[in-house]
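Residue numbers (this note's numbering): 16 to 81. Ideal placement from N, C-alpha and C gives every residue a C-beta, glycine not left out. A quick note: this is a predicted structure, and the numbers were derived from the prediction, not measured. A quick write-up on the structure given underneath.
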Amino acid sequence: MSRKKTNFYILKLRTWITKPFMKFIGFKFRNTNTFEMTPFITCLLSFFYMHFQIHHTLQNSYPILN
């Protein structure tokens with residue numbers, strides 16, 4: 016098998032493996048600049064926002080969690 020064909024099959028395999036994960040995380044596979052919010056990204060963002068609110072503010076209302 017030629018090197019070009021081998022590289023093509025490797026690329027197809029890579030996209031076949033990674034595409035479902037990327038779709039789940041929230042990326043679109045078209046040439047548009049839009050971004051899809053999925054529940055996964057929403058949960059991550061809300062977790063980091065709550066973490067920032069609780070741990071990294073000057074007026075900390077939860078001193079036990081520091």
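Alpha helix (DSSP H) segment containing residue i, residue limits
i: His70; result: 54-70
Heavy atom of the ligand ZN within 7 Å of residue i beta-carbon
i: Trp31; result: Looking for the ligand ZN in the displayed structure turns up nothing, as the structure carries no ligands at all.
Within-8 Å CB hit, residue i to chain C
i: Phe63; result: The displayed structure is made up of one protein chain only, and chain C is not part of it.
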